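Student:
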Amino acid sequence: MPIHSIWSYTPDLSPVAERDLTGYTVVASDGTIGHVDRQADHHGMRHLVVDTGVWVFGRSVLVPVGVVSTVEPGEQRVTVSCTRAEVKEAPRFRTDSETMDPAYLTAVGDYYHGLPPREEPAG
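Residue 85 in numbering that gives the first Met the number 0 sits at position 86 of the sequence shown, with consecutive numbering throughout.
1) State the Cα-Cα distance for the pair Gly52 and Pro10, rounded to the nearest angstrom.
2) Are the beta-carbon atoms belonging to His34 and Trp6 less than 8 Å from one another?
3) Since I believe Leu61 is in contact with Val70 (beta carbons under 8 Å), could you give me their beta-carbon distance rounded to a whole number of angstroms?
4) Whole angstroms is fine: what's the gap from Ser4's alpha carbon to Thr31's?
5) With DSSP as the reference, label Gly122 as helix, strand or coil.
6) Does the beta-carbon distance from Thr82 to Ala27 come in below 8 Å?
7) Taking only runs of the alpha helix (DSSP H) that begin and end inside the region 69–94, which ones reach a length of at least 4 residues, in chain order?
8) Counting along the chain, where does the alpha helix (DSSP H) carrying Leu61 start and finish?
9) Out of Asp19, Arg18, Pro63 and Gln75, point me to the one whose CA is closest to Thr98's CA.
10) Looking only at DSSP bridge pairs, what is Ala27 linked to?
11) Taking the alpha carbon of Gly113 as the point to measure from, which residue in Gly73, Val77 and Gly65 has its own alpha carbon closest?
12) Could you say which of Pro14, Gln38, Glu88 and Ala16 lies nearest to Gly22 if we only look at CA atoms?
Below, the structure is given as structure tokens:
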């Protein structure tokens with residue numbers, strides 16, 4: 000996957016690009032991560048800020064939209080193509096200003112881009 004595509008929805012999810020996902024539950028391959036607190040697109044780096052609740056001691060995580068594998072509007076659920084541990088190990092999100100910091104966003108993109116590819120379920 001080219002690094003820039005980590006910040007874009009996959010072509011099959013392009014209709015979702017303009018949808019407000021705030022409040023949707025975010026699910027990894029091995030369980031729930033949290034819910035979408037907000038979404039942003041700074042410097043062409045579209046991402047979701049996910050409130051993890053008590054799972055990661057009340058901290059939020061930043062997830063590039065390129066790891067979103069499905070969006071189910073009826074269920075208000077977003078599924079990402081990584082594990083909970085991989086999300087937890089991403090560069091730490093501390094303040095809202097980081098969502099506008101190109102260096103921080105680049106570090107997050109590099110991290111997610113470096114994750115091993117996932118097999119898509121047959122169907």
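Cβ atoms here follow ideal geometry from the backbone N, Cα and C, with glycine treated the same way. Source: prediction; values computed, not measured.
Tutor: Here's the rundown:
1) 31 Å
2) no
3) The Cβ separation is near 18 Å, so there is no contact.
4) Rounded to the nearest whole angstrom, the CA to CA distance from Ser4 to Thr31 is 24 Å.
5) Only weak support exists for where Gly122 lies, its pLDDT of 42 falling under 50; the value from the coordinates is given anyway. In this structure, DSSP gives Gly122 a state outside helix and strand, which the three-state scheme calls coil.
6) Contact flag set, yes.
7) 83–87
8) Where Leu61 is concerned, there is no enclosing alpha helix (DSSP H), although the beta strand (DSSP E) it sits in stretches over Ser59 to Pro63.
9) Pro63
10) For Ala27, which the question treats as bridged, DSSP gives the partners Gly30.
11) Gly65
12) It is Gln38.
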